[in-house]
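Chemist: This note's numbering runs 3 ahead of the 1-based position in the sequence shown.
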Amino acid sequence: MAKVTISLDSDLAIEVMLLSGTRNPQDAVELIVRDYLARGRRTEARTGNAADQDRLTDRRPAVDEG
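1. Please classify aspartate 12: does DSSP put it in a helix, a strand, or coil?
2. If you draw a straight line from the alpha carbon of threonine 8 to that of valine 66, how long is it in whole angstroms?
3. Give me the Cα-Cα distance between threonine 38 and glutamate 18, rounded to the nearest whole angstrom.
4. Report the CB separation of serine 23 from alanine 31 in whole angstroms; it is logged as a contact under 8 Å.
And the structure:
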């Protein structure tokens, strides 16, 4: 897998390290990004994706106004 180098503000790196419970900023960012991606996949699995037209239809019953 290819590696990418990213510069972060030190405060942001420390906060990410605290959230992930790691002592290495590289490991911390990798864990946070992997968790973010996994969460997105779980959400798509539960709700469908934008190509799923069934969820875009109006399922509410029509209200008769009189």
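A virtual CB, placed ideally from N, CA and C, is assigned to each residue, including glycine.
Modeler: Taking the geometry as given:
1. Collapsing the DSSP output to three states places aspartate 12 in coil.
2. Approximately 57 Å, taken between the alpha carbons.
3. First, the residue type needs correcting, since residue 38 is aspartate and not threonine in the sequence shown. Taking the straight line from one Cα to the other gives about 16 Å.
4. Taking C-beta atoms under 8 Å as the contact rule, serine 23 and alanine 31 qualify, at a distance of about 4 Å.
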